[in-house]
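The structure appears below as structure tokens.
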Amino acid sequence: MSGEEEARNQQTPIAEVREAVKRFAATEGGVITALDGVSLKVQPREFVTLLGPSGCGKTTLLRVISGLEELDAGEVLIAGEPMTTVPPHRRPVNTVFQNYALFPHLSVGDNVGYGLDVAGVPRRQRNTRVGEVLERIGLGGFEPRRPDQLSGGQRQRVALARAIINRPSLLLLDEPLSALDRNLRQSMQLELKTLQHDLGISFLFVTHDQEEALTMSDRVAVLNKGRIEQVGTPEAHYHRPATRFVAEFIGDGALFSGRIEGPTEDPVLVTGDGLRLAVALGTTVNQVATLLLRPEHLEAAPEAPDAAFGVIEVRLKQSVFLGASRKFVCCLANGATVTAAPTGAGAQALSRVAPGELVRLAYRRDQPHLILGADDGT
Amino acid sequence: MARRGDRRRLALLLGPVTLFLGTCFIGPMAVMIVFSFLEPALYGGVEWSFYHLNYGRILGWADSEWESFDPVYAAIFLRSVRLALTNVVILLVICYPAALWVSGLSARWRTLLVFLTTLPFFVSLVVRLFIWVLILRPTGFLNSSLIGLGLISEPIDIIFTETAVLIGMAYVLLPFMFLPVYASVEKLDRSLIEASSDLGGSPLKTFFRVTLPLTLPGIAAGAVLVFIPSLGNFIVPDLLGGAKVLMIGNLIEQQFLSARNWPFGSALSVMIMVVMFVLIIFYLRQIGRQGANQ
Ligand SMILES: Nc1ncnc2c1ncn2[C@@H]1O[C@H](COP(=O)(O)OP(=O)(O)OP(=O)(O)O)[C@@H](O)[C@H]1O
Ligand SMILES: [Mg+2]
Numbered sequence: 001m002s003g004e005e006e007a008r009n010q011q012t013p014i015a016e017v018r019e020a021v022k023r024f025a026a027t028e029g030g031v032i033t034a035l036d037g038v039s040l041k042v043q044p045r046e047f048v049t050l051l052g053p054s055g056c057g058k059t060t061l062l063r064v065i066s067g068l069e070e071l072d073a074g075e076v077l078i079a080g081e082p083m084t085t086v087p088p089h090r091r092p093v094n095t096v097f098q099n100y101a102l103f104p105h106l107s108v109g110d111n112v113g114y115g116l117d118v119a120g121v122p123r124r125q126r127n128t129r130v131g132e133v134l135e136r137i138g139l140g141g142f143e144p145r146r147p148d149q150l151s152g153g154q155r156q157r158v159a160l161a162r163a164i165i166n167r168p169s170l171l172l173l174d175e176p177l178s179a180l181d182r183n184l185r186q187s188m189q190l191e192l193k194t195l196q197h198d199l200g201i202s203f204l205f206v207t208h209d210q211e212e213a214l215t216m217s218d219r220v221a222v223l224n225k226g227r228i229e230q231v232g233t234p235e236a237h238y239h240r241p242a243t244r245f246v247a248e249f250i251g252d253g254a255l256f257s258g259r260i261e262g263p264t265e266d267p268v269l270v271t272g273d274g275l276r277l278a279v280a281l282g283t284t285v286n287q288v289a290t291l292l293l294r295p296e297h298l299e300a301a302p303e304a305p306d307a308a309f310g311v312i313e314v315r316l317k318q319s320v321f322l323g324a325s326r327k328f329v330c331c332l333a334n335g336a337t338v339t340a341a342p343t344g345a346g347a348q349a350l351s352r353v354a355p356g357e358l359v360r361l362a363y364r365r366d367q368p369h370l371i372l373g374a375d376d377g378t
Numbered sequence: 001m002a003r004r005g006d007r008r009r010l011a012l013l014l015g016p017v018t019l020f021l022g023t024c025f026i027g028p029m030a031v032m033i034v035f036s037f038l039e040p041a042l043y044g045g046v047e048w049s050f051y052h053l054n055y056g057r058i059l060g061w062a063d064s065e066w067e068s069f070d071p072v073y074a075a076i077f078l079r080s081v082r083l084a085l086t087n088v089v090i091l092l093v094i095c096y097p098a099a100l101w102v103s104g105l106s107a108r109w110r111t112l113l114v115f116l117t118t119l120p121f122f123v124s125l126v127v128r129l130f131i132w133v134l135i136l137r138p139t140g141f142l143n144s145s146l147i148g149l150g151l152i153s154e155p156i157d158i159i160f161t162e163t164a165v166l167i168g169m170a171y172v173l174l175p176f177m178f179l180p181v182y183a184s185v186e187k188l189d190r191s192l193i194e195a196s197s198d199l200g201g202s203p204l205k206t207f208f209r210v211t212l213p214l215t216l217p218g219i220a221a222g223a224v225l226v227f228i229p230s231l232g233n234f235i236v237p238d239l240l241g242g243a244k245v246l247m248i249g250n251l252i253e254q255q256f257l258s259a260r261n262w263p264f265g266s267a268l269s270v271m272i273m274v275v276m277f278v279l280i281i282f283y284l285r286q287i288g289r290q291g292a293n294q
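Protein sequence lines correspond, in order, to chains R and V.
Anchor point for the first sequence: position 206 equals 206 in the working numbering, and the numbering is continuous, going up by one each time.
Anchor point for the second sequence: position 180 equals 180 in the working numbering, and the numbering is continuous, going up by one each time.
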């Protein structure tokens with residue numbers, strides 16, 4: 001943990017969710033557990049991302065924090081204050097909704113000024129602030145427009161402006177970029193980061209796009225089926241995923257589950273179908289584990305690899321041109337697919353291999369991450 | 001050219017409705033307008049000579065003498081307008097919260113309840129109103145239960161009063177307010193209400209700034225749909241108002257059926273029509289403006 005991170009953790013969190021449980025009655029009968037004991041802290045000025053597949057409870061968690069949904073168990077604290085009895089309109093958080101939810105009967109100016117209007121801010125002051133915020137997000141002079149006269153990207157900005165005008169201590173953003181095209185999304189990602197920095201407030205950002213989560217966040221919380229799988233920095237998620245689910249969800253790579261066997265000076269992971277993969281020295285033997293082989297770990301095996309390497313024999317299926325580099329999609333003896341994306345000389349060696357040929361790939365045995373414990377079955 | 005085919009198709013499509021409205025609606029209306037400017041004949045029918053005093057009588061001058069000013073018809077007209085407006089307000093107060101409530105229920109309950117509001121249409125209006133007579137009369141259900149509960153000792157006079165007429169009209173016209181109001185409340189996007197409270201709007205402010213403006217078209221439609229039949233209604237005041245609460249509808253009925261003054265009856269009808277016409281124009285413009293906003 002870095003010094004800065006430690007200092008942060010000693011402050012009162014802006015928002016804290018403790019053991020949150022939320023269930024819905026399903027229309028088909030039965031109960032859906034949308035949140036199943038979720039705990040999460042958001043520190044001041046922090047950019048936290050909730051990442052997870054569709055239906056895992058991301059929106060529900062935001063709604064629980066903003067007060068639009070009541071908890072069945074657990075509690076929400078904002079700036080240290082329990083929020084259980086505080087209605088949404090008295091909570092110091094604002095939301096950018098998944099569908100924007102702009103008021104269709106109000107102009108852009110009135111939409112953005114809504115928070116100030118209900119707070120009773122005098123007209124002159126309100127107009128100045130609306131002008132400033134619109135200017136800040138690049139929609140200066142758009143006040144008289146109607147929401148239906150805006151493009152998708154402009155609507156998204158208006159929703160953002162409307163949510164930040166009250167200067168909330170925490171801004172909740174529910175997949176604000178998912179409706180935008182790729183280019184616009186990338187430039188908005190940068191803008192959002194800058195905005196968060198300039199405003200000096202915390203963002204809790206929801207996405208199901210792992211790339212977005214990795215590039216934007218200070219910390220990422222991966223949510224699956226209403227539970228948090230892992231909370232940590234993007235690097236930690238990428239290099240040291242805590243569960244098989246996180247490993248599959250974030251980044252590319254092949255996963256092999258099995259038992260660690262062999263002598264302590266050469267431990268190997270043996271999969272159910274007999275594949276043997278060397279793992280880091282010092283790994284405790286006789287336990288179940290999952291090995292994550294990322295493309296960048298793999299390169300063409302040297303003539304006589306030493307004990308620091310693990311070697312696998314594969315058949316090259318396809319060599320894919322990616323612009324600056326190439327990736328090589330290969331097939332293992334048991335039918336599993338691994339992808340190698342070596343750099344420099346390693347790449348050149350592999351480029352000479354024709355599809356369909358057998359080739360030996362190697363990885364430094366201490367590089368791939370090993371997830372210890374039973375396969376969680378996802 | 002394709003144009004000619006288009007035109008023929010248009011004629012075929014619009015022919016029946018034009019024929020129907022022309023013979024059954026515009027024709028009689030023209031007759032009515034013409035009659036309203038003619039002299040009444042002694043035993044019904046008209047004398048074919050121009051006569052302006054039908055309208056004079058409505059305003060209060062029954063003959064050419066200016067002294068004989070007696071605005072008895074104008075007073076009836078104003079009372080009708082007052083009762084019709086009161087009815088609109090009563091129904092709005094009843095139906096709006098009910099519509100909000102119903103729209104929050106599950107789909108099954110919603111369909112059932114909306115169907116139930118239309119159920120009274122399956123029974124004859126006169127029968128339904130007569131039941132109200134039985135309920136409201138001095139020895140009726142209402143008074144006997146109130147006396148039975150010991151709340152009153154003497155039966156209260158409610159039948160043949162304005163209150164009875166208002167109860168009856170609200171009862172008869174309730175679906176005309178409920179259905180359009182419900183339609184607009186149902187359409188309302190709940191996430192907008194959530195957005196408002198998220199931005200700091202208390203429930204009251206949210207109601208006046210979001211819910212109400214967005215459901216205004218439904219309210220306007222309901223108000224017009226209730227006001228118009230309230231103003232012209234004559235069955236309800238006839239049965240529940242007795243001779244005491246005369247409304248413009250009763251007056252027109254009398255002119256045609258008992259007084260046999262067709263031109264005066266026509267003039268009264270024309271007047272109601274003008275009022276309603278103005279109202280509908282106003283309503284359509286309001287709707288048009290709302291439409292442009294959304
Ligand atoms: N009001 C509700 N009634 C019943 N079930 C609900 C309700 N709201 C959410 N759910 C269920 O709770 C689960 C979590 O929903 P939620 O909207 O939080 O998912 P999400 O992670 O935001 O998904 P997405 O990425 O698709 O927006 C889903 O299974 C959903 O069907
Ligand atoms: Mg969602």
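For each residue, glycine too, the CB sits at the ideal point set by N, CA and C.
Given the structure is predicted, the values throughout are model-derived calculations rather than measurements.
If residue i sits next to residue j, beta carbons under 8 Å apart, how far is it from one beta carbon to the other, in whole angstroms?
{"i": "Asp-218(R)", "j": "Val-31(R)", "result": "That belief does not hold up - the Cβ atoms of Asp-218(R) and Val-31(R) are roughly 35 Å apart, past 8 Å."}
{"i": "Leu-173(R)", "j": "Val-96(R)", "result": "5 Å"}
{"i": "Gly-57(R)", "j": "Gly-226(R)", "result": "4 Å"}
{"i": "Ser-66(R)", "j": "Pro-92(R)", "result": "With a Cβ gap of about 10 Å, Ser-66(R) and Pro-92(R) do not count as contacting."}
{"i": "Pro-305(R)", "j": "Val-314(R)", "result": "Wrong, their Cβ atoms sit about 15 Å apart, outside the cutoff."}
{"i": "Gly-222(V)", "j": "Val-181(V)", "result": "5 Å"}
Can you tell me whether residue i is helix, strand or coil according to DSSP?
{"i": "Lys-58(R)", "result": "helix"}
{"i": "Glu-299(R)", "result": "strand"}
{"i": "Gly-288(V)", "result": "helix"}
{"i": "Gln-230(R)", "result": "strand"}
{"i": "Glu-194(V)", "result": "helix"}
{"i": "Gly-249(V)", "result": "helix"}
{"i": "Gln-367(R)", "result": "coil"}
{"i": "Leu-358(R)", "result": "strand"}
{"i": "Leu-68(R)", "result": "coil"}
{"i": "Gln-348(R)", "result": "helix"}
{"i": "Ser-184(V)", "result": "helix"}
{"i": "Gly-377(R)", "result": "Residue confidence is low: Gly-377(R) scores 49 on pLDDT, short of 50, so the model does not pin down where it sits. No coordinate-derived value is stated."}
{"i": "Phe-103(R)", "result": "coil"}
{"i": "Ala-25(R)", "result": "strand"}
{"i": "Arg-123(R)", "result": "helix"}
Out of the options, which one is the CA nearest neighbour of residue i?
{"i": "Gln-210(R)", "options": "Ser-202(R), Phe-245(R) and Pro-342(R)", "result": "Phe-245(R)"}
{"i": "Leu-279(V)", "options": "Thr-139(V), Leu-231(V), Phe-256(V) and Asn-261(V)", "result": "Leu-231(V)"}
{"i": "Val-210(V)", "options": "Arg-126(R), Leu-184(R) and Phe-103(R)", "result": "Phe-103(R)"}
{"i": "Phe-325(V)", "options": "His-105(R), Val-285(R) and Ser-39(R)", "result": "Given that chain V is displayed from residue 1 to residue 294, the structure contains no residue 325(V) and the question cannot be resolved."}
{"i": "Gly-52(R)", "options": "Phe-205(R), Glu-132(R) and Leu-199(R)", "result": "Phe-205(R)"}
{"i": "Pro-267(R)", "options": "Arg-157(R), Asp-366(R), Arg-123(R) and Thr-85(R)", "result": "Asp-366(R)"}
{"i": "Ser-36(V)", "options": "Leu-212(V), Cys-24(V), Phe-50(V) and Tyr-43(V)", "result": "Phe-50(V)"}
{"i": "Leu-281(R)", "options": "Ala-308(R), Gly-274(R), Gln-287(R) and Glu-303(R)", "result": "Ala-308(R)"}
{"i": "Gly-249(V)", "options": "Asn-261(V), Arg-260(V), Gly-265(V) and Ala-259(V)", "result": "Gly-265(V)"}
{"i": "Ala-107(V)", "options": "Thr-27(R), Glu-69(R) and Glu-16(R)", "result": "Thr-27(R)"}
{"i": "Ser-169(R)", "options": "Pro-355(R), Leu-192(R) and Phe-203(R)", "result": "Phe-203(R)"}
{"i": "Ala-394(R)", "options": "Leu-192(V), Leu-83(V), Asn-143(V) and Leu-199(V)", "result": "A question about residue 394(R) goes unanswered here, because the residues of chain R that appear run from 1 up to 378."}
Inspect the beta-carbon positions of residue i and residue j and report whether they are closer than 8 Å.
{"i": "Gln-230(R)", "j": "His-237(R)", "result": "yes"}
{"i": "Ala-220(V)", "j": "Tyr-283(V)", "result": "yes"}
{"i": "Leu-174(V)", "j": "Cys-95(V)", "result": "yes"}
{"i": "Leu-255(R)", "j": "Pro-234(R)", "result": "no"}
{"i": "Leu-293(R)", "j": "Phe-328(R)", "result": "no"}
{"i": "Cys-330(R)", "j": "Val-320(R)", "result": "no"}
{"i": "Val-112(R)", "j": "Arg-145(R)", "result": "no"}
{"i": "Val-285(R)", "j": "Ile-260(R)", "result": "yes"}
{"i": "Val-226(V)", "j": "Leu-91(V)", "result": "yes"}
{"i": "Val-336(V)", "j": "Leu-83(V)", "result": "Since the displayed chain V opens at 1 and closes at 294, residue 336(V) lies outside it and no answer follows."}
Can you find the residues in the same chain that come closer than 7 Å, C-beta to C-beta, to residue i, ignoring five residues on each side of it along the sequence?
{"i": "Gly-288(V)", "result": "none"}
{"i": "Arg-98(R)", "result": "Sequence check: residue 98(R) is Gln here, not Arg. The residues are Thr-59, Asp-174 and Glu-175."}
{"i": "Asp-63(V)", "result": "Leu-53"}
{"i": "Val-42(R)", "result": "Pro-13, Ile-14, Ala-15, Val-48, Leu-170, Ser-202 and Leu-204"}
Can you list, in chain order, the residues of its chain with a C-beta nearer than 6 Å to that of residue i? Leave out the 5 residues immediately preceding and following it.
{"i": "Ser-196(V)", "result": "Thr-206 and Val-210"}
{"i": "Val-288(R)", "result": "Arg-259 and Ala-374"}
{"i": "Arg-360(R)", "result": "Ala-301, Val-311 and Glu-313"}
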